[in-house]
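Inspection log for the structure reproduced underneath, given as structure tokens.
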Amino acid sequence: MKRKKPIIHLAGIQIGVCSGIVILILLAYLPTFSGDFLLDDHPLIADNPLIRDLQPLPWYFLQEDGVLSKTEVAGGYHTGYYRPLISLTYQLDYKLWGLAPMGFRLTNLILHLAVCLMLYLILKAHQTGIFVSFAVVAFFGLHPVNTEAVSWISSRNNILVALFSLAGYYFYTTPGRARPLINRGLSVLFFAAALFSKEFAIMLLPILFLYNRFRKGKPMSRAGEWLGYLPFVAVLTVYLYLRHQALGGEGMSPAHSLLFRLFATPFIILYYLRLLVFPVGLHNFYVSYPEQILSAEILIGICGLLLVTFLIFRSPRGSRLRWGAVVFILGLAPVLNIVQTASPSLVSMRWAYFPFVFLCTVFAGLGFGRSGASRVWWAVPILFGLWLGGYTHYLNSRHWQNNAVLFKREVALHANAYYYGGLAET
1005 MKRKKPIIHL AGIQIGVCSG IVILILLAYL PTFSGDFLLD DHPLIADNPL
1055 IRDLQPLPWY FLQEDGVLSK TEVAGGYHTG YYRPLISLTY QLDYKLWGLA
1105 PMGFRLTNLI LHLAVCLMLY LILKAHQTGI FVSFAVVAFF GLHPVNTEAV
1155 SWISSRNNIL VALFSLAGYY FYTTPGRARP LINRGLSVLF FAAALFSKEF
1205 AIMLLPILFL YNRFRKGKPM SRAGEWLGYL PFVAVLTVYL YLRHQALGGE
1255 GMSPAHSLLF RLFATPFIIL YYLRLLVFPV GLHNFYVSYP EQILSAEILI
1305 GICGLLLVTF LIFRSPRGSR LRWGAVVFIL GLAPVLNIVQ TASPSLVSMR
1355 WAYFPFVFLC TVFAGLGFGR SGASRVWWAV PILFGLWLGG YTHYLNSRHW
1405 QNNAVLFKRE VALHANAYYY GGLAET
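Numbering (our numbering), first residue to last: 1005 to 1430.
Structure (structure tokens):
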């Protein structure tokens, strides 16, 4: 008969695992504390008088992100972004740290650690083995593709939307435990917080819908499922109304046809997959569309995505991999440029943060083999994780430090023409 481990022993292991994750991530991000404000940090934080005093609560929900005055609006200036909770966090940071970049960067790192611990809670809630949970969370937490979101202060919206969306997902997918109504209420509350952090959170609704399609065990009744979505839809409706009040009807004029953008979508998806699987040459990407709809890049993207799809459906773990592929693409959907965005680049490392963390849920429920061979094979991800942490430390110490360093490296090492002007001014 198999003897159960004492609860105190298991709690000690959990604390040890979480402490190990925190220590590894802190070591990888230690150089971030010596960094300065970067790029948009200057207009949004350092030179923004609006963050220096707390405003009445309604003000946050009627303000366009990055627009500092009514004069700018009257002059036709719009960012197209609506993220009221981000402005609030900047003001709280200012109250704590003044304009010390280290304090703002510390907040970003604390939020990143919170995302990692929330991912760990989700994996454990779905009966994932401790070693697998540790490996997956360390892989995400140490991955260098996340350095842009964590070390660039004004990329905080990507961390906050991931944190609140994960919390909403956690409470939605664990309703069978004690107090299911409270869990669902918390899920809706965190969904609202995620929406007001960044528009990516809209994708949590289709993710939850597909979770109900992929989940194992006794299915929820169709009526119960659809009734459960109503509070989320109500929150989304309020969000869209307030967003429209803040932004008005401003929209982007597409530079390429819808057909062209659809054909280029596999190219963008594979670009992000490459960043996650083969993370070398990472920097502040500015990727443009290929010149022709039947260019080599677009054709390779289409063929590559078809090959990945074929391999997923042929895999013995097809259902799990299909879930991972679906949530990854849903997480990327807002920046696949099917609906035109304001960014000059098709790809950015910070945009990978949200889909990447949901992709990691593909490991939920996996255990750990007991054979010696399987333990030997686990040395491979451990070594890979150490390399990831080292590369993250390198990027934080050599790349994401200040504008002068960033511009010089972008131009000299990556031939990034977007920063020629910035380099000339430093």
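Glycine included, every Cβ here is placed at the ideal spot set by N, Cα and C.
Since the structure is predicted, the reported quantities are computational estimates derived from the model, not experimental observations.
For residue i, the nearest candidate out of the options (CA to CA)
i       : options                            : result
LEU1363 : LEU1096, ILE1333, SER1401          : ILE1333
SER1352 : SER1323, ASP1097, GLU1229, PHE1289 : PHE1289
LEU1042 : THR1177, GLU1152, PHE1317          : GLU1152
ALA1139 : PHE1194, LEU1387, TRP1404          : LEU1387
ILE1134 : THR1396, VAL1415, ASN1407, ALA1368 : ALA1368
PHE1236 : PRO1060, TRP1063, SER1169          : SER1169
HIS1248 : PHE1314, GLY1393, PHE1065          : PHE1065
PHE1108 : TRP1063, LEU1061, SER1159          : SER1159
ASN1216 : ILE1114, ALA1408, THR1178          : THR1178
PRO1105 : ASN1407, ARG1413, ALA1416, GLU1414 : ASN1407
ASP1069 : ASN1161, PRO1060, LEU1030, LEU1266 : ASN1161
For residue i, three-class secondary structure by DSSP
i       : result
GLY1016 : helix
SER1261 : coil
ASN1150 : helix
GLY1133 : coil
TYR1174 : helix
SER1191 : helix
LEU1277 : helix
ALA1368 : coil
ASN1341 : coil
SER1155 : helix
VAL985  : Outside the shown range of the chain, which is 1005 to 1430, sits residue 985, and nothing can be said about it.
ILE1272 : helix
GLU1203 : helix
TYR1398 : helix
GLY1039 : coil
SER1480 : The question about residue 1480 has no answer here: the residues shown for the chain are numbered 1005 through 1430.
8 Å Cβ cutoff met for residue i and residue j
i       : j       : result
LEU1280 : VAL1149 : yes
LEU1303 : LEU1274 : no
ALA1205 : VAL1242 : no
PHE1264 : ILE1297 : yes
TYR1357 : ILE1163 : yes
MET1122 : TYR1174 : yes
ALA1250 : GLN1067 : yes
TRP1156 : ARG1354 : yes
LEU1350 : SER1292 : yes
LEU1336 : SER1201 : no
TRP994  : GLY1039 : Because the chain is modelled from 1005 through 1430, residue 994 falls outside the range shown and cannot be assessed.
VAL1239 : VAL1192 : yes
GLY1305 : PRO1348 : no
GLU1017 : ALA1142 : Strictly speaking, residue 1017 in this sequence is Ile, with Glu absent from that position. Result no, Cβ atoms of ILE1017 and ALA1142 do not sit closer than 8 Å.
HIS1397 : ALA1032 : yes
ILE1126 : SER1091 : no
THR1093 : THR1111 : yes
PRO1283 : HIS1116 : no
GLY1393 : LEU1028 : yes
VAL1154 : LEU1199 : no
Limits of the alpha helix (DSSP H) - the one that residue i falls within
i       : result
LEU1244 : 1226 to 1251
HIS1046 : Unbroken run through HIS1046: none, as it is neither H nor E.
HIS1116 : 1105 to 1129
SER1091 : 1088 to 1101
HIS1418 : 1407 to 1418
GLY1305 : 1300 to 1318
ASN971  : Outside the modelled stretch of the chain, which goes from 1005 to 1430, sits residue 971, for which no answer is possible.
VAL1361 : 1357 to 1363
LEU1061 : 1061 to 1064
Residue i versus residue j - alpha carbon distance
i       : j       : result
LYS1099 : PRO1047 : 18 Å
ALA1419 : ILE1342 : 27 Å
PHE1411 : TYR1423 : 6 Å
PHE1218 : SER1323 : 8 Å
ASN1400 : GLY1145 : 14 Å
TRP1230 : ALA1197 : 22 Å
PHE1037 : SER1023 : 20 Å
MET1207 : SER1261 : 24 Å
ASP1097 : ARG1326 : 40 Å
TYR1176 : PHE1194 : 10 Å
PRO1338 : PRO1184 : 31 Å
TYR1233 : LEU1190 : 13 Å
PRO1294 : GLU1301 : 7 Å
LEU1246 : LEU1209 : 19 Å
ASP1044 : GLY1228 : 45 Å
PRO1359 : VAL1119 : 13 Å
GLN1095 : LEU1103 : 10 Å
VAL1366 : PHE1213 : 16 Å
LYS1006 : TYR1124 : Note that LYS1006 has pLDDT 47, beneath the 50 cutoff, so the model's placement of it is unreliable and the number below is only indicative. Cα to Cα, the separation comes out at about 26 Å.
GLY1285 : ALA1129 : 36 Å
VAL1021 : GLY1389 : 15 Å
Residue i: CB within 7 Å of a non-hydrogen atom of the ligand FAD
i       : result
GLY1308 : For the ligand FAD, the structure offers nothing, since it holds no ligand at all.
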